[in-house]
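See below for the structure under consideration.
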Amino acid sequence: MSEPGGANRARSEAMLPFDDRGLAYGDGVFETVLVRDHRPTLWQAHHARLIRGCEVLGMRAPDRDALEAAFAGAPGLKVTKLIVTRGSGGRGYLPPAQPKVRLRWRSTAFAPDTARWSAGVEVGLCRLRLSRQPALAGIKHLNRLENVLARAEWREEKIAEGLLADQQGWLTEATAMNLCWHDGRRWFTPPLEQCGVAGTLRAALLEAGLLEIAPLHLDELARARALCLINSVQGLWPLRRLHFPIQREPFEPPLADAHLALQRSAHQLLGYHR
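120 is the number that the numbering used here gives to position 108 of the sequence shown; each next residue is one higher, with no gaps.
Structure (structure tokens):
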């Protein structure tokens with residue numbers, strides 16, 4: 013159920029028509045925003061990415077007031093998902109000349125898994141390899157079939173996430189989080205010009221000078237003295253064991269002090285204080 017009341021709530025929960033282009037083609041974008049007492053965290057970055065995604069797809073974004081109406085409602089910690097589609101119309105794949113975008117949202121109560129902040133997580137390397145498509149790289153478009161297929165590769169509860177490389181073996185991201193790696197001196201995150209989603213927490217840490225961009229190939233994992241996964245909802249999870257889909261010993265980077273400094277900065281940005 014969506015949190016906003018009255019007409020806004022009805023609008024948010026209205027069913028999509030059969031000819032909605034987001035439903036038919038994944039023609040749209042979305043954002044998943046951590047909201048604390050009506051205040052969306054990292055909203056500037058989320059809004060900027062949504063605007064850029066709409067620009068890439070060639071459609072008008074909803075005005076900011078309409079988007080921010082989704083953050084009204086009961087206090088507390090929530091996750092609000094905003095979905096913007098191109099609406100209905102057009103002929104086949106050809107989009108309408110003057111689309112009427114459609115906005116939907118839903119808010120749900122949320123509590124982070126704080127045990128993973130300190131104990132770290134086990135992660136599997138996915139068999140699926142990401143395709144390269146620079147025209148769509150970075151944005152959070154609705155067509156996430158690669159992520160769906162990758163996430164279907166495991167059901168073991170001990171595996172918290174799946175790591176994804178592109179077709180050339182360059183590590184890119186996890187199914188729903190960004191990847192960071194430490195070389196013993198500095199933290200890095202892979203470039204995302206060819207594929208992957210440019211996360212808002214990743215952007216904030218880059219802007220703060222706490223991350224740098226550098227590639228890491230699967231064949232060069234030994235360069236990483238520490239690994240972690242980040243996103244703007246869950247925060248930072250240290251990676252303590254990486255399982256491979258072939259007969260190979262797991263990669264077990266240490267839970268280093270370097271995690272604590274980056275985690276502290278990341279969680280301050282998200283309002284997680286420990």
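Even for Gly, the Cβ is constructed at its ideal location relative to N, Cα and C. These numbers were taken from a predicted model, which means no experiment stands behind them.
- Secondary structure at Ala188: coil, using DSSP grouped into helix, strand and coil.
- With a cut-off of 8 Å on Cβ pairs, the region 233-242 is in contact with the region 186-206, counting three or more such pairs.
- Across the structure, Cys66 and Leu222 are spaced so that their CA atoms are roughly 29 Å apart.
- Straight through space, the alpha carbons of Gln259 and His59 are spaced by roughly 43 Å.
- Spatial neighbours of Thr53 in its own chain (CB-CB distance under 8 Å, excluding positions within 5 residues in sequence) are listed in chain order as Val45, Leu46, Val47, Ser244, Leu281, Leu282, Gly283.
- Look at the beta carbons and you see the region 133-140 not touching the region 205-223: under three pairs across the two are nearer than 8 Å.
- DSSP links Cys138 through a beta bridge to no other residue.
- In the three-state reduction of the DSSP assignment, Trp166 falls in the coil class.
- DSSP, reduced to helix, strand and coil, places Asp231 within a helical segment of the structure shown.
- If you compare the alpha carbons of Pro265, His255, Pro227, Leu218 with that of Ala278, the shortest gap goes to Leu218.
- Counting along the chain, Ala57 sits inside the alpha helix (DSSP H) bounded by residues 55-69.
- In this structure, DSSP gives Asn155 a state outside helix and strand, which the three-state scheme calls coil.
- Rounded to the nearest angstrom, the gap between the Cα atoms of Gln179 and Asp77 is 40 Å.
- Between Val68 and Lys152, the gap from beta carbon to beta carbon reaches 7 Å or more.
- Taking the Cβ atoms as the reference, Arg72 lies roughly 6 Å from Val113, within the contact range of under 8 Å.
- The beta carbon of Phe122 is closer than 8 Å to those of Leu46, Leu89, Lys90, Val91, Val245 in its chain, skipping five residues each way along the sequence.
- With a threshold of 16 other beta carbon atoms within 10 Å, Thr126 falls short and is exposed.
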